[in-house]
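To start, the structure itself, in structure tokens.
Residue numbers (full-length UniProt numbering): 1 to 109.
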């Protein structure tokens with residue numbers, strides 16, 4: 001139960017806080033064209049209720065940084081990035097581990 005709570009709360013947080021703060025697209029703009037917009041966000045439980053690894057992709061090479069916190073995004077987890085290419089598609093895979101999490105706490109804005 002506690003694990004699910006942390007997963008759900010981190011998922012909500014990471015949607016808005018992974019990598020960088022994304023401005024909403026302008027009216028009429030194509031969605032998904034932001035080179036730095038996080039895509040395919042995945043959470044990995046580490047058998048430690050106070051830590052979790054988040055993995056995501058971007059279309060451009062940028063710093064791997066996840067913002068998180070209770071109430072505010074005042075904590076930062078820096079990670080690693082790896083280029084990933086398939087055919088004509090080139091992306092960057094990012095991975096960062098969030099530590100110091102409190103089980104049952106609500107993360108996000």
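Just so you know, even glycine gets a beta-carbon here, dropped at the ideal spot from N, CA and C.
Query	Result
Own chain partners of residue 42 with C-beta closer than 8 Å, once the 5 adjacent residues on each side are dropped	54, 55 and 56
Option nearest residue 77 by Cα separation, candidates 84, 64 and 58	64
CB-CB length for residue 81 against residue 92, believed under 8 Å	5 Å
Residue interval of the beta strand (DSSP E) (run including residue 106)	Note, residue 106: premise wrong, no beta strand (DSSP E); not H, not E.
Check whether residue 94 and residue 108 have beta carbons under 7 Å apart	no
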